[in-house]
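Engineer: Residue numbers for the first sequence, in our numbering: -3 to 962.
Below is one structure. I have some questions about it.
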Amino acid sequence: MQKLNFHEIERKWQKTWEESQVYNAEVDFTKEKFFVTFPFPYMSGSVHIGTAYTLTRLDVISRFKRHMGYNVLFPFAWHWTGVTIAGVSDRIKRRDQQTIKILRDIDGVPEEIIYKFEDPFFMARYFTENNREAIKKLGIGIDWRREFHTTSDDQCYSKYVEWQYFKLKEGGYIKRGKHPVVWCPRCKSVTGDHDRLSGEGVFPIIFNLVKYKLKDSDAFLVAATLRPETIFGITNVWLNPNADYVEARVNGEKWIVSKSCVEKLKDQLRDVEVISSFNGSLLLGKYVLTPLTGKEVPILPASFVDPDLATGVVYSVPAHAPYDYMALVDLKKNKEVLKKFNLDSSIVDGLQPISLIKTERFGINPSEVIVKELGIQNQNDPNLERATSEVYREEFLHGVLLENTGEFKGLLVKDAKVKVAEVLKEKGLADEMLELPTPVICRCGTRTYVKILPDQYLLDYSNKEWKEKAKRCLSKMRIFPEEARINFEWFIDWYDDWAFVRTSGLGTKLPWDDKYLIETLSDSTIYMAYYIISKFVNQGYLKSSNLTLEFFDYVILGKGNPKDVARRSNIEESLLESIRKEFDYWYPVDLRNSGKDLIANHLTFYIFHHVAIFPEDKWPKGIAVNGFMKLGGQPMHKSKGIFVSIKDAIKKYGADVVRLTCLISADGLDDPDWNDEVVNSAFQNLNNIYESFLMLSGAKVSENDTELDLWLSSKVREHIKTAITSLNEVAIRKAAVEIFFNFRNTLKRYVRRRQELTLTPTLKKALNAWVVMMAPFTPHFAEELWRILGNNSLVVKERWPREEDFIENKLANLKEDYLDSLLSDIQNVKKIMKEKPSKIKIFVASEQKREIARFVALKFAEGKRDNEIIKEVMVAFKDRTSSISYKDLPKSVLRLVEKIRSMGFDTFMNALDKITEDEFLISSSNFLKKDLELEEVKIIKEDSKEAAPYEKAKLSEPLRPSFILE
RNA sequence: GCGGGGGUUGCCGAGUUGGGACAAAGGCGCAGGACUUAAGAUCCUGUCCCAUAGGGGUUCGUGGGUUCAAAUCCCACCCCCCGCACCA
-3 MQKLNFHEIE RKWQKTWEES QVYNAEVDFT KEKFFVTFPF PYMSGSVHIG TAYTLTRLDV
57 ISRFKRHMGY NVLFPFAWHW TGVTIAGVSD RIKRRDQQTI KILRDIDGVP EEIIYKFEDP
117 FFMARYFTEN NREAIKKLGI GIDWRREFHT TSDDQCYSKY VEWQYFKLKE GGYIKRGKHP
177 VVWCPRCKSV TGDHDRLSGE GVFPIIFNLV KYKLKDSDAF LVAATLRPET IFGITNVWLN
237 PNADYVEARV NGEKWIVSKS CVEKLKDQLR DVEVISSFNG SLLLGKYVLT PLTGKEVPIL
297 PASFVDPDLA TGVVYSVPAH APYDYMALVD LKKNKEVLKK FNLDSSIVDG LQPISLIKTE
357 RFGINPSEVI VKELGIQNQN DPNLERATSE VYREEFLHGV LLENTGEFKG LLVKDAKVKV
417 AEVLKEKGLA DEMLELPTPV ICRCGTRTYV KILPDQYLLD YSNKEWKEKA KRCLSKMRIF
477 PEEARINFEW FIDWYDDWAF VRTSGLGTKL PWDDKYLIET LSDSTIYMAY YIISKFVNQG
537 YLKSSNLTLE FFDYVILGKG NPKDVARRSN IEESLLESIR KEFDYWYPVD LRNSGKDLIA
597 NHLTFYIFHH VAIFPEDKWP KGIAVNGFMK LGGQPMHKSK GIFVSIKDAI KKYGADVVRL
657 TCLISADGLD DPDWNDEVVN SAFQNLNNIY ESFLMLSGAK VSENDTELDL WLSSKVREHI
717 KTAITSLNEV AIRKAAVEIF FNFRNTLKRY VRRRQELTLT PTLKKALNAW VVMMAPFTPH
777 FAEELWRILG NNSLVVKERW PREEDFIENK LANLKEDYLD SLLSDIQNVK KIMKEKPSKI
837 KIFVASEQKR EIARFVALKF AEGKRDNEII KEVMVAFKDR TSSISYKDLP KSVLRLVEKI
897 RSMGFDTFMN ALDKITEDEF LISSSNFLKK DLELEEVKII KEDSKEAAPY EKAKLSEPLR
957 PSFILE
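Set out below in structure tokens:
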């Protein structure tokens, strides 16, 4: 058999497409446009098969739309903005071996080139060129004339970003304010998730600070807590006797906090002045006054207190906090500790847990219960972490406050929490600070904390009106899959002000304050409009100096007088007009497709910025999202070596195999998986199709259709319909399965059913349709098949087959279904026979049985119950049943009703009336013989003489013949 | 914690909106047969359990419920995955 050389045909067709410029899109008012975009990939490395997954999905849609007669635009660009590229450059400068290894082994960069990556722009350019090749080789139908990249390296694009930010400023979408970040005091910079040695995924939360007045002093011991409601159960305050504390003036009050808290308070914009420093043990044995309840409680030592967490002061609620409980138990058990600090042991004698919350699971003394359950020995037991979270969770969800909580009694913990904190704050007895709940360590090894940056430039995403506008846009948009919509809604609501400038990395400068660069997500929100302009830039018609604010105002917003704008921007008026015309034709984006991760950021920004700047008719129309490609079940991870680049995949398997693997592997938000098995099966699949295609198309041509072609036509029609419906819903896997499996199975069955295969007109038409349907998925392969069918045109430009090209024939379908169900009955019996049969006698039900069936069906349709139907049949056929014994009637009626119910009345009646069973079976007997490997097939009517000797004949039912295998 | 998605037969994965033809599509894997010198590929058949005649039994995370009828509807619970702001 002839084998396909995928690489060869791919090279051939890619060249042909390029020469005939099929993917270059120009304005054409006779056609409806369809504009698709893909979020430009970031150029710090090679594009991988995850990118291929999302990209090929979009390519399928864009090609499908072209087949459907749309004028399709699919442009592409590159993302260079941000700190990652610069970060890699820095690591190369430092000769970081890990980075070099990844670039060399994973990205396949030659060693001598790696050192040139000290220049971040060189690196970005290198990857851009390499990745462009990879994407071209994948056969994505892109209009490459519109390519560009971000950052100041592309001055024209920078101009566009500048215009965007002037617009946002004008519109009042930018403000200045405070912004909290995770901060490394040593690096003096923000510590992002990826800059952490440990503590990934940890983010700041608000701690309540409760102020306990120190008895006989004007200073407050400031304790941090996440459970302000437990203040009613306080028995004492804990300090770490081995840690340093300070007394400091904080915004006019005297606070006592751990020494390491001072910097945090300063960095959270408080005015802090340290008065004195001392060891924690100094205050032990003194008393503080509790807010709200006015009790006096002692200050005691506890080693579990972390001076680096929040204020380093903890108030003790032993009943509900396992840590506090164990620390108290420890003290009572081990009075040596008290002695060491010159404390009288009686100080702890009176301290008993005070319960203030009740839950079903733990009752009123959760600490005691859980400590016992987990067998915890002392306050340094690591299990206390778990104990704490279990109690916390249970009480938060189901806890109710007891009598001793005054005005808060009876409240649920989750409500009381908020109320108590409010009341305390109102009375000046509490404050709050931001803190990381668990330690976050910077790459440099330093423990980080939360700093509030003042005077940040912020995008005002908290603005209600802006949110409303964004939601209005969303409500008019198509979202694929629809389940993702709720995510968008949530994120639009959730977004708070966004700090959009940085001081490091690559990017475009903030036009009115050039200390700052616009950060990576914020410079890439509305760039799809720039694709219209970049074509003119690339063709040499526009230079950065032409791209004035008025120019963009006119082209994108239609503002201003073209004559004046043209003069001031120093370009031809006609050129300006045609750019505007093109923009107006192509915009908005009809479909943007990306991985689901971008819902939370880029895609939501995309909506926000469009509604801020563009008129409503230019708002985005549709977004599709999909899952992430996994490798052998694992997420891709360069440093672990779990990575396959597009280039390598194509080299190994060929583009169409890579494409088909991607396209058939998942749909919706599911994550597809890339492994040898699935890739090989795609490879095999295409080869099989190729072989059978050669066989089919090479069959002897016949002028006339056979009866089976009626069925074929019906089936093809279904395949076309399902494929179209699926593609319209961006259910690409579903469409691919329909085309590459179901359609193929139809053809397989067709071949099996034909006695002698010939290329009938319908078969030929079906093959043509099939190839066009394959083209969006495996375009090179399809071009090849298209030629085999004797066509000279390019299949990628062909019209998609229409349903009406293939006539539906219900009767043909019914007949084939009838035959299939008979076949499966026979197979079933064959299976349980000891010996292989060689003959079959098939008995077709008598006329009278058909009459009864019709009678039953009509009664069923009238809505009669089973019993009524039986009665009526009994009456109607009382004296004239011959082929069926009178006493068997009820059972037989019930079976019929069951069948009618399952087939549906219409289908049943149709089959009953239109299929002449004996004739059809006789005409199919050669097929039965061959398919069942029998030597003799006999069709016998139940009411014929020949049937008389056979008991089995009586078991025949309409549409369900009985048979004897022997 | 908050928000989202999901648990289907050896595996992947349809089916769940609108309950009925569901022992549950399709693919993969596995078994048998055909073809072949042979292997691979391909084609046919089978693949929950029982059954020497088309039958019966038990299944769709767990436990209840509604219904003539539930993978599909309702309630409760368990488990898994993803995101949560300066990485893009």
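Think of the CB as a built atom: it goes at the ideal place given N, C-alpha and C, for glycine as much as any other residue.
1. Please report the Cβ distance between residue 616 and residue 588, rounded to the nearest whole angstrom; I am assuming they are in contact, meaning their Cβ atoms lie under 8 Å.
2. What residue ranges within the stretch 287 to 359 form continuous beta strand (DSSP E) runs of no fewer than 3 residues, ordered along the chain?
3. Across the stretch 6 to 25 and the stretch 620 to 632, are there enough close Cβ pairs to call them in contact, namely three or more that are closer than 8 Å?
4. Mark residue 848 as exposed unless 16 or more other C-beta atoms lie within 10 angstroms of its C-beta, in which case mark it buried.
5. If we ignore side chains and look at the alpha-carbon of each, how far apart do residue 507 and residue 97 end up?
6. Taking DSSP as the reference, what is the three-state secondary structure of residue 702?
7. Where are the beta strand (DSSP E) runs, 3 residues long or more, that stay fully inside the stretch 404 to 457, in chain order?
8. So, for residue 596: in the same chain, excluding its five sequence neighbours on each side, which residues have a beta-carbon less than 6 Å away from its beta-carbon?
9. Does the ligand FAD have even one heavy atom less than 7 Å from the beta-carbon of residue 21?
10. Report the residue from 464, 726, 714, 551 whose alpha carbon sits nearest the alpha carbon of residue 159.
11. Let's test the definition: count the other Cβ atoms within 10 Å of the Cβ of residue 909 and tell me whether it reaches 16, buried, or not, exposed.
12. With DSSP collapsed to three states, give me the class of residue 642.
13. Report the rounded CA-to-CA distance for residue 134 versus residue 12, giving the unit in angstroms.
14. Starting from residue 125, trace the alpha helix (DSSP H) both ways and give me its first and last residue.
15. Can you tell me which of the three DSSP states residue 240 falls into?
16. Kindly indicate the opening and closing residues of the alpha helix (DSSP H) around residue 683.
17. Residue 242: buried (16+ other C-beta within 10 angstroms of its C-beta) or exposed?
18. I'd like to confirm the pairing. Which residues does DSSP put opposite residue 504 in its beta bridges?
19. Considering Cα atoms alone, identify which of 53, 138, 63, 66 is closest to residue 972.
20. Within the continuous beta strand (DSSP E) that includes residue 176, where are the two ends?
21. Distance check for residue 67 and residue 21, CA to CA, integer angstroms please.
22. List the residues that DSSP assigns as beta-bridge partners of residue 913.
23. Enumerated in chain order, which unbroken segments of the beta strand (DSSP E) with a length of 3 residues or greater are wholly contained in the stretch 469 to 502?
24. Which same chain residues end up closer than 6 Å to residue 641 when comparing Cβ atoms and leaving out the 5 residues on each side of it in sequence?
25. Going straight from the alpha carbon of residue 548 to that of residue 583, what length do you get?
26. Taking the runs of the beta strand (DSSP E) that are 3 residues or longer, which of them lie wholly in the stretch 588 to 640?
27. Identify the continuous alpha helix (DSSP H) that holds residue 651 and give its terminal residues.
28. Residues in the same chain with beta-carbon distance under 6 Å from residue 36, minus the five sequence neighbours each way, listed in chain order, please.
29. Could you pull out every unbroken alpha helix (DSSP H) segment of at least 4 residues lying fully inside the stretch 74 to 112, listed in chain order?
30. Pick from 189, 64, 817, 456: whose alpha carbon is nearest that of residue 161?
31. Which runs of the alpha helix (DSSP H) at least 4 residues long sit entirely within the stretch 251 to 288? Give them in chain order.
32. Taking one C-beta from the stretch 184 to 202 and one from the stretch 641 to 657 each time, how about it: are there three or more such pairs within less than 8 Å?
33. Measure the C-alpha to C-alpha separation of residue 947 and residue 890 and round it to an integer number of angstroms.
34. Can you have a look at residue -3 and say buried or exposed, based on whether 16 or more other CB atoms are within 10 angstroms of its CB?
35. Hey, residue 768 and residue 796: beta-carbon distance below 8 Å or not?
36. Should residue 250 and residue 216 be called a contact, given that it needs their Cβ atoms to be closer than 8 Å?
Structural biologist: According to the structure data:
1. Counted from its first residue, the first sequence places residue 616 at position 620. Counted from its first residue, the first sequence places residue 588 at position 592. That belief holds up - the Cβ atoms of residue 616 and residue 588 are roughly 7 Å apart, short of 8 Å.
2. 292 to 297, 309 to 312
3. no
4. Within the first sequence, numbered from 1, the residue matching residue 848 stands at position 852. Buried, since its Cβ has 16 or more Cβ neighbours within 10 Å.
5. Taking the first sequence and counting its residues from 1, one reaches residue 507 at position 511. Taking the first sequence and counting its residues from 1, one reaches residue 97 at position 101. Each residue's Cα considered, the two are about 38 Å apart.
6. Numbered from its first residue, the first sequence carries residue 702 at position 706. Residue 702: coil per DSSP, three-state reduction.
7. 426 to 431, 445 to 455
8. The residue you call residue 596 lines up with position 600 of the first sequence. Cβ neighbours of residue 596 beyond the five flanking positions: 487.
9. Looking for the ligand FAD in the displayed structure turns up nothing, as the structure carries no ligands at all.
10. Position 163 of the first sequence, counted from the start, is the residue given in the question as residue 159. Cα-wise, what sits closest to residue 159 is 551.
11. One-based indexing of the first sequence puts residue 909 at position 913. That one is exposed.
12. Translated into the one-based positions of the first sequence, residue 642 becomes position 646. It is helical.
13. Here residue 134 corresponds to residue number 138 of the first sequence, with the count starting at 1. Here residue 12 corresponds to residue number 16 of the first sequence, with the count starting at 1. In a straight line, the C-alpha of residue 134 is about 15 Å away from that of residue 12.
14. What you label residue 125 is simply residue 129 of the first sequence in a count that begins at 1. Its alpha helix (DSSP H) spans residues 116 to 133.
15. On the first sequence, position 244 is the one that residue 240 refers to. Three-state DSSP puts residue 240 in a strand.
16. For the purposes of this step, residue 683 is taken as residue 687 along the first sequence, with counting starting at 1. It spans 672 to 693 - the alpha helix (DSSP H) in which residue 683 sits, taken as one unbroken run.
17. In the first sequence, residue 242 corresponds to position 246, counting from 1. So residue 242 ends up on the buried side.
18. Locating residue 504 in the first sequence gives position 508, counting from the first residue. Answer is 514.
19. It is not possible to answer for residue 972, since the shown part of the chain is limited to -3 through 962.
20. For the purposes of this step, residue 176 is identified with residue 180 of the first sequence, where counting begins at 1. 170 to 180 is the extent of the beta strand (DSSP E) around residue 176.
21. Locating residue 21 in the first sequence gives position 25, where the first residue counts as 1. Locating residue 67 in the first sequence gives position 71, where the first residue counts as 1. So the alpha carbons of these two residues sit roughly 7 Å apart.
22. Residue numbering aside, residue 913 sits at position 917 when the first sequence is read from its first letter. Answer is none; residue 913 lacks a bridge partner.
23. 474 to 476
24. Residue mapping note: residue 641 aligns to position 645 of the first sequence, counting from 1. Same-chain partners within the cutoff: 42, 44.
25. Within the first sequence, the letter at position 552 stands for residue 548. Within the first sequence, the letter at position 587 stands for residue 583. Roughly 14 Å between the two C-alpha positions.
26. 618 to 622
27. As a first step, residue 651 is located in the first sequence; it is residue number 655 there, counting from the start. Per DSSP, residue 651 belongs to the alpha helix (DSSP H) from 651 to 661.
28. Here residue 36 refers to the residue found at position 40 of the first sequence. Within the same chain, residue 36 has close Cβ partners 73, 74, 75.
29. 79 to 89, 93 to 97, 107 to 110
30. Your numbering for residue 161 matches position 165 in the first sequence. The option with the nearest alpha carbon to residue 161 is 456.
31. 257 to 263
32. no
33. Taking the first residue of the first sequence as 1, we reach residue 947 at position 951. Taking the first residue of the first sequence as 1, we reach residue 890 at position 894. Roughly 21 Å separates the two Cα atoms.
34. As a working note, residue -3 is residue 1 in the first sequence. Summary for residue -3: the model assigns pLDDT 47, below 50, so the residue's position carries little reliability, and this model does not support an answer.
35. Mapped onto the first sequence, residue 768 falls at position 772. Mapped onto the first sequence, residue 796 falls at position 800. Yes.
36. The sequence position of residue 250 within the first sequence is 254, counting from 1. The sequence position of residue 216 within the first sequence is 220, counting from 1. Contact: yes.
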